[in-house]
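For the sequence shown, the UniProt record's numbering gives the first residue as 1, with consecutive numbering after it.
Notes follow once the structure below has been shown.
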Amino acid sequence: MRVLRVGDALAITVAVVAAYLVRFGADDRAVAGSFSPTYLAVSVILVVVWFVALASAHVWDRRVLTLGSGEYTAVFTATWRLFAVVAIVLYLAKLDVGRAFLAIAFPLGLALLLLERVVSRRWLRARRNRGECRTPVLVVGQREHAEGLIREVAADTSRSLGVVGVCVPGGVPGRGEQVLGVPVVGNLASAAHAASDVGAQAVAVTGSDELTAAVVRQLGWDLEQTDTDLLVAGALTDIAGPRIHVTPVAGLPLMQVDPPRFAGPRYVVKSVADWCGALVLTVLLTPVLLVIAVAVVTTSRGPVFYQQARIGRSGTTFRMLKFRTMVADADAHVDEVMAEGRSGLFYKRRDDPRVTRTGRFLRRYSLDELPQLLNVLRGDMSLVGPRPQVASEVALYDRAAHRRLLVKPGLTGLWQVSGRSELSPDESIRKDVYYVENWTLFGDLVILMRTARAVVAGQGAY
1 MRVLRVGDAL
11 AITVAVVAAY
21 LVRFGADDRA
31 VAGSFSPTYL
41 AVSVILVVVW
51 FVALASAHVW
61 DRRVLTLGSG
71 EYTAVFTATW
81 RLFAVVAIVL
91 YLAKLDVGRA
101 FLAIAFPLGL
111 ALLLLERVVS
121 RRWLRARRNR
131 GECRTPVLVV
141 GQREHAEGLI
151 REVAADTSRS
161 LGVVGVCVPG
171 GVPGRGEQVL
181 GVPVVGNLAS
191 AAHAASDVGA
201 QAVAVTGSDE
211 LTAAVVRQLG
221 WDLEQTDTDL
231 LVAGALTDIA
241 GPRIHVTPVA
251 GLPLMQVDPP
261 RFAGPRYVVK
271 SVADWCGALV
281 LTVLLTPVLL
291 VIAVAVVTTS
301 RGPVFYQQAR
311 IGRSGTTFRM
321 LKFRTMVADA
331 DAHVDEVMAE
341 GRSGLFYKRR
351 DDPRVTRTGR
361 FLRRYSLDEL
371 PQLLNVLRGD
381 MSLVGPRPQV
391 ASEVALYDRA
401 AHRRLLVKPG
411 LTGLWQVSGR
421 SELSPDESIR
431 KDVYYVENWT
441 LFGDLVILMR
451 TARAVVAGQG
461 AY
């Protein structure tokens, strides 16, 4: 966190100094050393206030760092709120500070802050993948509930937590007992002492009949002395933070979960952003699209595009476009290919013999999906969302999978940047349902950036 504070301070300072130099760079008096005292004072104050604004937004809180898009959202919100406040104050005080100065300082500062966070996150994730820089956690609860929480922590892609011990009813340290490979270091009553012994920075309480409200409250008091966080693992899963609110009733904290919303102003903004983004990408990628089209028709017989009926939002059917990556009569051989491999939801065979040499390259880097930008322009698809599937696959949906149809299908999605074809069907559905119920515009932007990285690396695609 100290490194992040220093990095944030440098990013802010660089942005403000750059805005100052751009504002006065062409001014002969500035070159001669006659700087404007008003701008100099505003610059110094702006750096300090900006840093304070970030601190008040808790952007260095370890509970926020590297957890989804919350870290970026906090930086973005703090910066633009400060921009609004500064603009109003300067207007009311009638200070002679040009709009160009602020128009350079804030966007540049925000870009540098976000870039610094991206670099820091990649560095931190690399260390966490090696088992370093994780927050050590002690799990407290019944064995079966503790096992579930340990599995969830192990599956977390952020690797932000590391379970260092477990306290279960009747647990005795030193006997060699383990829960999924994690040592039992005590019982429920000794959790606070056990946390200190194993160096835990957080205690995660999960289900147990013996963990009454009074016991958990007492545990919280004991942990106060050691500055150890108390985490309560609820029964709810796959719900993003913005949908969760804690409402105290007679001293009892009740968790209120907002229902997911699939219409309204946010979806209008998403649709407009999709259309504009698809239009810009189509124009920019036109030379690439032409080269791919020529490669497809010159290396194998058949049409340039492959069209297939897919199921979209609310079960509507549309024609999805792709560059053809298989032989012309590929659909006629689908049954025998399935018989040789395995069938099921989201099935893709790694060594499918129907794929052409050019098609294999296009699939590896997902270039065959680019014509779906036209589907986005037609309103059939979104830039980000669950991938569209054929009717035979939708017929296999259970209740959870059917929630994929509550939004428009996407050119890319959460499970495409979380493993792509390497994920199991259950994992893919869970990722999609999580996206459907918890999507945000900023989250879409993060997925698009992660997609670009995954495509360039050719990760998990075939």
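We put the CB at the ideal spot given by N, CA and C, even for glycine.
A quick note: this is a predicted structure, and the numbers were derived from the prediction, not measured.
Whether residue i touches residue j by CB criterion (7 Å)
i: Arg404; j: Asp432; result: yes
i: Leu188; j: Glu224; result: no
i: Ser296; j: Arg324; result: According to the sequence provided, residue 296 is Val. The question's Ser does not apply to it. Taking 7 Å as the Cβ cut-off, Val296 and Arg324 qualify as a contacting pair.
i: Met326; j: Pro388; result: no
i: Arg121; j: Arg128; result: no
i: Val376; j: Asp274; result: yes
i: Gly170; j: Pro136; result: no
i: Trp439; j: Ser428; result: no
i: Val455; j: Ser366; result: yes
i: Ala200; j: Leu138; result: yes
i: Val179; j: Ala126; result: no
i: Gly165; j: Pro183; result: yes
i: Ile12; j: Gly109; result: yes
i: Phe76; j: Arg23; result: no
i: Ala105; j: Ala214; result: no
i: Leu231; j: Ala195; result: no
i: Ser300; j: Thr356; result: yes
Beta bridge counterpart(s) of residue i as assigned by DSSP
i: Lys322; result: Tyr306
i: Gln389; result: Ile311
i: Gly165; result: Leu138
i: Val257; result: Ile244
i: Val205; result: Val140 and Val232
i: Val384; result: Thr412
i: Val179; result: Val182
As assigned by DSSP and simplified to three states, the class of residue i
i: Gly186; result: strand
i: Gly359; result: helix
i: Pro173; result: coil
i: Ser120; result: helix
i: Gly379; result: coil
i: Thr317; result: strand
i: Leu114; result: helix
i: Val198; result: helix
i: Leu252; result: strand
i: Val75; result: helix
i: Val294; result: helix
i: Val417; result: helix
i: Ser271; result: helix
i: Val31; result: Low confidence applies to Val31: its pLDDT is 43, below 50, so where it sits in the model is not reliable, and the reading given next is rough at best. Of the three classes helix, strand and coil, the one that applies to Val31 here is helix, per DSSP.
i: Pro107; result: helix
i: Gly131; result: coil
i: Val59; result: coil
i: Arg125; result: helix
i: Ala26; result: Confidence at Ala26 is low in this model, with a pLDDT of 49, below 50, so the placement of that residue should be treated as unreliable; the coordinate-derived value is given next. Reduced to three states, the DSSP call for Ala26 is coil.
i: Pro287; result: helix
i: Glu210; result: coil
i: Tyr91; result: helix
i: Ser43; result: helix
i: Ala395; result: coil
i: Ala11; result: helix
i: Tyr20; result: helix
i: Arg81; result: helix
i: Val327; result: coil
i: Val49; result: helix
i: Leu373; result: helix
i: residue 487; result: Any question about residue 487 goes unanswered here, given that the chain covers just 1 to 462.
i: Val153; result: helix
i: Arg354; result: coil
i: Val3; result: helix
i: Val86; result: helix
i: Thr282; result: helix
i: Arg301; result: coil
Span of the beta strand (DSSP E) around residue i
i: Thr412; result: Gly410 to Thr412
Limits of the alpha helix (DSSP H) - the one that residue i falls within
i: Leu223; result: Ala213 to Glu224
i: Gly264; result: Per DSSP, Gly264 belongs to no alpha helix (DSSP H) and is neither H nor E.
i: Tyr435; result: Pro425 to Asn438
i: Gly443; result: Leu441 to Ala457
i: Ala401; result: Arg399 to His402
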